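S.K.:
Protein chains in written order, with my numbering: chain B, 8 to 284; chain G, 8 to 284.
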């Protein structure tokens, strides 16, 4: 422990985790320290840069509250969130792919009946959304629950409007006995992730933009199946090739078809993976 | 950017930093992303573990204020602080080694005259501290300023006593024209770093203790010389071989000699590195 060389310091820290009772926690801590130290050594981190990192994390912590999650934004914009999703997808071909959860989901959204209005006053061009929840053989999954959430035409989620006082463009809908769901909402538009904080400063300093392509969030749950967290993206959206959070998967990009009356129709079927027995 | 495999996601994120104007920032971000992703991929990070990490950082941020710095504690206990210090030491042999800054330094500590009392009521066994500030050829550095700070006999720094209202065991002292300094304080004792927060939970979960061996902090500054941030450790202290923050360097361990009256005497000379021309 009376370490002298950088390599000796790293070895001392790794050794300090030797008695960790949980082998998985030990594996994670040792790998984390090895990669963290390799990073610092590779760039020969200066003390001023180290302090800038401490200050950055401190500001992320202080801007984070029950409505704003800067650490998830940071993970999203560094691609760690999407990487974690990808590392945990071992699903058979044919299942709907997952993507990032994002920081705007809220537990306990209001339940909306079939055909009902999810927008609840959120401004935007009307959009009808319908589809089915299916198993791998095309069998309907009766009664599946779909959490849906999206931003309004100004690119804001309801939780970003502190004076709103009720859920907008956010609901739980339920598939019927044939696995079918449909609801009314508004058409999704591209929006900028919150960039008035430390993560926004990082994006600006690295000449990156904060925009996400237009998408609608889904979390689909049914007994006996793995929960699916995903988006459906608009094929005609800007930023599909430069999503600030790296969430686009080609299989999730879909035509949202404009109707004669100017409104939109989105049709999308979800295929869930059965839970391991 | 419409990435599919984990490797493609990592490549997309690295690519997103291509236009960073500052080449040093680009180098740091690319290296950080590469190592962060390599860590996640190596341990095959699960989504629950990812969320535990987000939650851990959030709690670090929320416990951090102007008196408590959990991110520095985290960096210290993961050895990143000491590694950064070591990476930035390119000093000739003979210079006093640096060690971690720690989270308890305060700018603007009261100035104490030569021979004066730094303790200011902090409880502990009296200790006289004296020595010289020198250049590499043994030349005295007249008027060098020494920030000194330490915990009291209960292992607490003054800033950890919210009701105190004044500085204790913390001062700025100045070397005379011969580079000599001396002041009265209390003898350092081992203490536990703050472990009632997320970092303490990490230490507990990994069966590590939160203790640091007895030491006195110094920051030594003089025009024309590199600022030295270091400690002097007690040779008879517990935890020299398991410092919770990996800060011990053999050259900084020194006999603090007990005198006939029970008080202690610490004698230590600091050798500063001249600033590059």
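A virtual CB, placed ideally from N, CA and C, is assigned to each residue, including glycine. Quantities reported herein were computed from a predicted structural model and do not represent experimental measurements.
Counting only Cβ-Cβ distances shorter than 9 Å, please list the residues of the stretch 84 to 96 of chain G near chain B, keeping chain order.
M.R.: Going along the stretch 84 to 96 of chain G in chain order, one finds 84, 85, 86, 87, 88, 89, 90, 91, 92, 93, 94, 95 with a Cβ nearer than 9 Å to chain B.
S.K.: Name the chain B residues whose beta carbon is nearer than 8 Å to that of residue 272(G)?
M.R.: Under the 8 Å cutoff, chain B gives no residues; its nearest Cβ is about 24 Å from residue 272(G).
S.K.: Closer than 8 Å by beta-carbon distance: list the chain D residues that pair up with residue 47(B), in chain order.
M.R.: Chain labels in this structure do not include chain D; the protein chains are B and G.
S.K.: Can you look up residue 201(G) in the DSSP assignment and give me helix, strand or coil?
M.R.: DSSP places residue 201(G) in coil when its eight states are reduced to three.
S.K.: Counting only C-beta atoms, is residue 192(B) closer than 8 Å to chain G at any point?
M.R.: No, residue 192(B) lies away from the interface with chain G (no Cβ there is under 8 Å from its Cβ).
S.K.: Within the 8 Å Cβ cut-off, does residue 28(B) reach chain G?
M.R.: It does: the Cβ of residue 28(B) has a partner Cβ on chain G nearer than 8 Å.
S.K.: Using only the alpha-carbon positions, how far apart do residue 147(B) and residue 253(B) sit?
M.R.: So the two alpha carbons sit approximately 31 Å from each other.
S.K.: Does the stretch 137 to 155 of chain B touch the stretch 179 to 194 of chain B, meaning 3 or more C-beta pairs lie closer than 8 Å?
M.R.: Yes: at least three Cβ pairs fall under 8 Å.
S.K.: What is the rounded straight-line gap between the Cα of residue 41(B) and the Cα of residue 43(G)?
M.R.: Computed Cα separation, rounded: 11 Å.
S.K.: Nearest to residue 277(G) by alpha carbon, out of 137(G), 165(G), 221(G), 160(G)?
M.R.: Considering only alpha carbons, the answer is 137(G).
S.K.: Could you pull the start and end residues of the beta strand (DSSP E) that residue 192(G) belongs to?
M.R.: From DSSP, the beta strand (DSSP E) with residue 192(G) extends over 187 to 193.
S.K.: For residue 31(B), which of helix, strand or coil comes out of DSSP?
M.R.: Helix.
S.K.: Touching or not, the stretch 51 to 58 of chain B and the stretch 204 to 214 of chain B, by the rule of three or more beta carbon pairs under 8 Å?
M.R.: Not touching, per the Cβ criterion.
S.K.: Between the beta-carbon of residue 142(B) and the beta-carbon of residue 281(B), is there less than 8 Å?
M.R.: Yes, the pair counts as a contact, with Cβ atoms nearer than the cut-off.
S.K.: Quick check on residue 48(G): does DSSP put it in helix, strand or coil?
M.R.: Residue 48(G): helix per DSSP, three-state reduction.
S.K.: Could you pull the start and end residues of the alpha helix (DSSP H) that residue 83(G) belongs to?
M.R.: First-last of the alpha helix (DSSP H) with residue 83(G): 77 to 84.
S.K.: Starting from residue 238(B), trace the beta strand (DSSP E) both ways and give me its first and last residue.
M.R.: Start and end: 235 to 241.
S.K.: Could you tell me whether the Cβ of residue 20(B) comes closer than 8 Å to any Cβ of chain G?
M.R.: It does; some Cβ of chain G falls within 8 Å.
S.K.: Output needed in chain order: residues of the stretch 230 to 254 of chain B with a Cβ under 8 Å from some Cβ in chain G.
M.R.: Here the close residues are 247, 248, 249, 250, 253.
S.K.: Provide the residue span of the alpha helix (DSSP H) that contains residue 67(B), from first to last.
M.R.: Residues 54 to 70.
S.K.: Report yes if the C-beta distance between residue 195(G) and residue 221(G) is below 8 Å; otherwise report no.
M.R.: Contact: yes.
S.K.: What number of angstroms, rounded off, separates the C-alpha of residue 233(B) from the C-alpha of residue 279(B)?
M.R.: Rounded to the nearest angstrom, the two C-alpha atoms are 7 Å apart.
S.K.: Using DSSP with H/G/I as helix, E/B as strand and the rest coil, what is residue 259(G)?
M.R.: Residue state, collapsed to three classes: helix.
S.K.: Is any heavy atom in the ligand FMN found nearer than 7 Å to the beta carbon of residue 245(G)?
M.R.: In terms of ligand content, the structure shown is empty, and the ligand FMN therefore cannot be addressed.
S.K.: Along the chain, where does the alpha helix (DSSP H) that runs through residue 15(B) open and close?
M.R.: Taken as a continuous stretch (DSSP letters only), the alpha helix (DSSP H) holding residue 15(B) covers 13 to 23.
S.K.: To the nearest angstrom, report how far apart residue 130(G) and residue 118(G) are at their CA atoms.
M.R.: Using only the alpha carbons, I get a separation of about 20 Å.
S.K.: I'd like the list of long-range same chain contacts for residue 8(G), defined as Cβ closer than 6 Å, with 5 residues on each side in sequence excluded.
M.R.: Bear in mind that a pLDDT of 38 at residue 8(G), under 50, signals an unreliable position, so the number given afterwards is only what the model happens to contain. The residues are 19.
S.K.: Which residues in the same chain have their Cβ closer than 8 Å to the Cβ of residue 166(G), if we skip the five residues on either side of it in sequence?
M.R.: Around residue 166(G): 74, 111, 113.
S.K.: For a contact defined as C-beta to C-beta under 8 Å, what are the partners of residue 57(G) on chain B?
M.R.: Here the neighbours are 82, 87, 88, 91.
S.K.: Of the residues 78(G), 16(G), 30(G), 103(G), which one's Cα is nearest the Cα of residue 205(G)?
M.R.: Answer by Cα proximity: 78(G).
S.K.: Going by C-alpha to C-alpha distance, which of 218(G), 238(G), 228(G) sits closest to residue 245(G)?
M.R.: When only C-alpha atoms are compared, the closest one is 218(G).
S.K.: At 7 Å on the CB atoms, spell out the chain G contacts of residue 50(B), in chain order.
M.R.: Ordered by position in chain G, the residues that pass the 7 Å Cβ test against residue 50(B) are 34, 35, 38.
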